[in-house]
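Before any comments, here is the structure.
In this note's numbering, the protein residues as written are 111 to 532.
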């Protein structure tokens with residue numbers, strides 16, 4: 111795409127994002143209903159709002175006419191189904207497993223969704239996907255990373271994001287590279303995680319891989335994500351005196367730990383986060399200088415060299431929809447998830463859930479056709495995308511920059527992380 115055509119596509123795209131075209135058929139009975147389960151209220155509501163905006167942007171681009179080098183985009187709907195449009199129907203999980211279960215049931219039985227997408231928090235994804243399995247409805251999970259989700263033997267569950275076992279291995283690969291290049295010595299690790307599916311799965315992987323790699327896992331600390339104070343947990347961390355922390359937390363609990371670690375003067379060489387609350391837009395805004403130096407695994411970055419030229423265009427469209435906030439790992443994954451379903455629908459030539467499932471099984475989208483730095487989107491026998499990959503970002507100068515793998519890094523890693531600001 112030449113620079114003039116990129117500018118034209120961006121101009122058309124932004125206009126489309128702000129004001130959908132007159133041909134949008136919101137009430138058309140031919141619309142294909144996809145149900146989306148997201149945390150739209152409760153502690154993760156801010157994240158849920160971004161995911162909703164990203165999913166709706168993807169659906170609008172599928173239903174629109176502006177072409178981008180992305181799956182299923184710009185063909186006025188689904189070509190093989192008479193250009194029927196996708197209609198996303200959103201249901202609120204409130205971040206609660208029981209509510210997610212009820213939301214999935216309603217989307218299937220009352221809204222007649224032919225597929226579901228969601229649900230961000232791993233424990234809510236677990237319950238919502240069990241409902242889909244019972245009804246024989248495909249469930250596409252773009253953003254939950256608990257390894258156990260694809261170990262349940264489900265036939266209708268598909269996950270595009272890499273899981274936490276993959277990300278945990280990335281952390282230790284990074285430490286090995288850091289030892290080779292900077293002669294950094296890390297021996298003691300503390301693993302801290304919320305006690306839901308997400309935190310438990312990532313914590314188990316971090317602990318297991320750490321021990322097998324010869325590290326001293328000096329503490330394993332689990333806590334409820336709904337906690338309102340973490341003083342006892344922080345005291346345990348301080349007593350263990352680890353070199354690094356590996357943390358799996360949502361935004362409210364991540365902020366509690368940051369405050370506690372600072373108040374108790376816990377000094378570590380590095381904090382490694384499993385995404386989630388540590389990349390929420392509210393994290394840097396709340397923590398300010400105290401966020402400096404924290405590292406998080408990621409699946410997406412606007413900073414690295416992009417293989418897909420549409421990345422800056424989609425980012426601009428998303429910013430226009432979501433108060434100027436840029437695409438991040440969560441929103442880029444949910445945007446991609448809708449496109450994967452649209453691609454499967456077109457190849458299925460049908461809205462029959464079994465046909466959609468069969469098409470998902472055969473999915474093989476090159477990574478270069480996505481926003482993400484992945485090799486491909488291809489599902490193994492468990493429903494896990496085996497073409498996903500992670501990167502590590504560090505907060506430097508108030509923003510996230512890619513520091514690993516070193517060959518795609520935009521800045522060198524700052525090690526150790528800066529001391530707390532007082």
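Glycine included, C-beta positions come from ideal geometry on N, C-alpha and C. All figures in this text were calculated on a predicted structure; none of them were measured in a lab.
- Judged by DSSP in its simplified three-state form, residue 268 adopts strand.
- With a cutoff of 9 Å on beta-carbon distance, residue 164 and residue 489 are scored as not near each other.
- By alpha-carbon distance to residue 494, the top candidate from 257, 293, 523 and 406 is 257.
- Assigned with DSSP and collapsed to three states, residue 165 falls in helix.
- In terms of Cβ geometry, residue 207 and residue 361 do not form a close pair [threshold 9 Å].
- Taking a contact as a CB-CB distance under 8 Å, the pair residue 481 and residue 418 counts as one, their CB atoms being some 6 Å apart.
- Within the same chain, and ignoring the five residues on either side of residue 387 in sequence, the residues whose Cβ sits closer than 8 Å to its Cβ are 359, 360, 361, 362, 363, 364, 365 and 393.
- Taking the Cα of residue 283 as reference, the smallest distance to any Cα among 515, 209, 311 and 249 is reached at 515.
- For the pair residue 276 and residue 403, the CB atoms are not nearer than the 9 Å cut-off.
- In this structure, DSSP gives residue 504 an extended state, which the three-state scheme calls strand.
- In summary, residue 162 is buried, with 16 or more beta-carbon neighbours lying within 10 Å of its beta-carbon over all protein chains present.
- The stretch 375–382 makes no contact with the stretch 442–460; the number of CB pairs closer than 8 Å stays below 3.
- Counted as a single uninterrupted DSSP element, the beta strand (DSSP E) harbouring residue 356 occupies residues 354–358.
- DSSP places residue 437 in no alpha helix (DSSP H); its state is neither H nor E.
- Of the candidates 144, 141, 143 and 159, the residue whose Cα lies closest to the Cα of residue 433 is 159.
- A contact between stretches requires three or more CB pairs, one per stretch, nearer than 8 Å, and the stretch 198–212 meets this requirement with the stretch 237–244.
- If you draw a straight line from the Cα of residue 250 to the Cα of residue 455, it comes to about 12 Å.
- Along the length of the stretch 377–410, whole beta strand (DSSP E) runs at least 3 residues long occupy 380–383 and 405–408, reported in chain order.
- Residue 153 sits in coil when the DSSP states are folded into three classes, being neither helix nor strand.
- Distances from the CA of residue 379 to each of 298, 142 and 177 were compared; the closest alpha carbon is that of 298.
- Secondary structure note for residue 291: its alpha helix (DSSP H) is the uninterrupted segment 274–292.
- With three or more CB-CB distances shorter than 8 Å, the stretch 299–316 counts as touching the stretch 216–235.
- Secondary structure of residue 449 (DSSP, three-state): helix.
- Here the C-alpha atom of residue 268 lies approximately 8 Å from the C-alpha atom of residue 248.
- Residue 344 and residue 367 have their C-alpha atoms some 7 Å from each other.
- Taking a C-beta distance under 9 Å as the contact criterion, residue 145 and residue 218 qualify as a contact pair.
- Around residue 391, the same chain offers 435 as residues with beta carbons nearer than 6 Å, after the five sequence neighbours per side are excluded.
- The beta carbon of residue 281 sits closer than 6 Å to the beta carbons of 382 from its chain, once the five residues preceding and following it are set aside; these are given in chain order.
- The stretch 406–416 and the stretch 184–201 do not touch, with fewer than 3 CB-CB distances between them shorter than 8 Å.
- Judged by beta-carbon spacing, residue 150 lies beyond the 9 Å limit of residue 220, meaning their Cβ atoms are not closer than that value.
- If you draw a 10 Å sphere on the C-beta of residue 339, you find fewer than 16 other C-beta atoms in it, and that means exposed.
- Within the same chain, 294 come within 6 Å of residue 288 by CB-CB distance, once the 5 residues on both sides are set aside.
- Within the same chain, Cβ atoms closer than 7 Å to the Cβ of residue 486 are found at 474, 475, 476, 477 and 497, the five residues on either side in sequence being excluded.
- Taking the C-beta atoms as reference points, residue 479 is found no nearer than 9 Å to residue 189.
- In this structure, DSSP gives residue 417 a state outside helix and strand, which the three-state scheme calls coil.
- Counting along the chain, the unbroken alpha helix (DSSP H) around residue 219 starts and ends at 207–219.
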